[in-house]
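Colleague: To get the working numbering, take the position in the sequence shown, counting from 1, and add 33.
Below you will find the structure I want to go over with you.
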Amino acid sequence: MLGEDNPNVMLIGHERLFYNGLLGRACRLRAPGAFVIYAAPVGSFGLSVAGGPIQRRRIATVRPYVAHRVTSSSDLISVLMIEPESVAEDQLQALEARSATPAGAAEIDARIEAARAALAGTTDCSGFATDDFDRLFLGRLLAPRRLDERIERTIRHLVHDLPAATVTAEDCAREAGLSKSRYLHLFSQETGLRFRSVRMWKRARALMPHVNGPENLTHVAMDLGYPDSTHFSHSIRRIYGLTPSSIFRGSRQLRIVAGAHCPAA
């Protein structure tokens with residue numbers, strides 16, 4: 034049971050992720066590859082985007098790969114992550130616009146707060162689907178992005194075929210029957226993202242199911258395809274604003290719930 038005595042929880046699906054727990058070291062730059070919605074479990078949080086001034090918010094969105102800093106006096110944060118290639122662009126724009134209005138932000142805030150309460154009283158929500166997640170946290174389904182089947186196949190490789198370092202643009206282009214340059218253009222055209230950035234993010238995201246486990250960090254780095262511990266630490270810190278060891282220390286009491294076809298480590 035999740036329970037009110039342990040509010041630290043992470044729901045991990047292939048297309049969605051929710052985290053409620055410790056923020057970790059404040060003011061460090063982070064740049065995850067997901068569309069992020071931040072919410073304050075207590076009070077408010079501070080957000081600085083792309084070097085701008087810190088603004089106090091209850092709800093805020095940040096675009097994929099945009100560097101930002103988050104601070105919280107309570108050291109607690111709620112985070113929704115939406116994989117951008119899984120959602121139509123107009124849906125992300127609507128979420129962004131909605132969160133920027135007082136009424137929209139209040140609605141999203143109330144929805145996330147209700148979701149936290151629902152999770153606290155739920156004995157088992159493993160095996161949840163993307164639609165379940167969207168209904169719970171957003172109160173509506175997000176229309177999916179329609180991708181070229183060759184790019185959909187690449188995304189499946191990046192999500193399922195670890196280590197992600199072995200999924201190369203050359204191999205994907207060959208499988209798609211395209212030159213590398215034409216393939217990379219198609220990938221960017223379909224997703225709005227760069228292949229290399231997406232691969233780096235998917236590999237870092239694959240760390241999440243391991244963070245409360247007993248695994249040795251060196252072994253986790255090797256399993257995820259990082260060439261060495263230095264590269265592993267640098268890449269994870271660049272994306273999450275924390276080193277792998279800090280993430281593991283702060284996740285000892287974290288409850289991880291896996292979505293459909295997304296087994297926890």
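Quick reminder that beta carbons are idealized off the backbone N, C-alpha and C, glycines included.
In this text, all values refer to a predicted model and were calculated from it rather than measured experimentally.
One question on the structure: do P40 and R144 come within less than 8 Å of each other, judged by their Cβ atoms?
Modeller: Counted from its first residue, the sequence shown places residue 40 at position 7. Counted from its first residue, the sequence shown places residue 144 at position 111. No, Cβ-Cβ distance for P40 and R144 is not below 8 Å.
Colleague: Kindly indicate which residue of P277, V290, R271, Y273 has the alpha-carbon position closest to the one of S262.
Modeller: Taking the sequence shown and counting its residues from 1, one reaches residue 262 at position 229. If we check each option's Cα against that of S262, P277 comes out closest.
Colleague: Just reading off the beta strand (DSSP E) that Y71 is part of, what are its end residues?
Modeller: As a position in the sequence shown, residue 71 is number 38, starting the count at 1. Here the beta strand (DSSP E) through Y71 covers 68-72.
Colleague: Between the Cα of R102 and those of R63, G154, I289, spot the shortest distance and give me the residue it belongs to.
Modeller: Translated into the one-based positions of the sequence shown, residue 102 becomes position 69. When each option's Cα is compared against that of R102, the closest is R63.
Colleague: Measuring only the C-alpha atoms, how far is L80 from L55?
Modeller: Residue mapping note: residue 80 aligns to position 47 of the sequence shown, counting from 1. Residue mapping note: residue 55 aligns to position 22 of the sequence shown, counting from 1. If I take the Cα positions, the gap works out to 16 Å.
Colleague: Enumerate, from N- to C-terminal direction, the unbroken alpha helix (DSSP H) stretches of 4 or more residues contained entirely within the region 149-203.
Modeller: Within the region 149-203, the complete alpha helix (DSSP H) runs of at least 4 residues are 163-171, 182-193.
Colleague: In the DSSP output, what is F51 paired with across the bridge?
Modeller: Within the sequence shown, residue 51 is the residue found at index 18, counting from 1. In the DSSP output, where bridge partners are listed per residue, F51 has L44, L113.
Colleague: Is the distance from the Cβ of S212 to the Cβ of G57 below 8 Å?
Modeller: Translated into positions along the sequence shown, residue 212 becomes position 179. Translated into positions along the sequence shown, residue 57 becomes position 24. Going by C-beta atoms, S212 is not nearer than 8 Å to G57.
Colleague: Could you spell out where the alpha helix (DSSP H) holding T94 opens and where it closes?
Modeller: Your numbering for residue 94 matches position 61 in the sequence shown. From DSSP, T94 is part of no alpha helix (DSSP H) but of the beta strand (DSSP E) over 92-95.
Colleague: Quick check on the burial criterion: 16 or more other C-beta atoms within 10 angstroms. Buried or exposed for E116?
Modeller: The residue given as residue 116 occupies position 83 in the sequence shown. Label assigned to E116: buried.
Colleague: Could you check where the beta strand (DSSP E) with I289 kicks off and where it finishes?
Modeller: Counting from 1 along the sequence shown, the entry for residue 289 is found at position 256. That run of the beta strand (DSSP E) goes 288-291.
Colleague: Between the Cα of L113 and those of H267, T163, G246, R271, spot the shortest distance and give me the residue it belongs to.
Modeller: Mapped onto the sequence shown, residue 113 falls at position 80. Here the closest residue by C-alpha is T163.
Colleague: When the cut-off is 8 Å and only beta carbons count, does R207 lie next to chain D?
Modeller: Protein chains in the displayed structure number just one, and chain D is not present.
Colleague: Within the same chain, show all residues whose beta-carbon is closer than 8 Å to that of R168, passing over the 5 residues directly before and after it, in chain order.
Modeller: Numbered from 1 along the sequence shown, position 135 holds the residue referred to as residue 168. So the list reads L174, once near-sequence residues are dropped.
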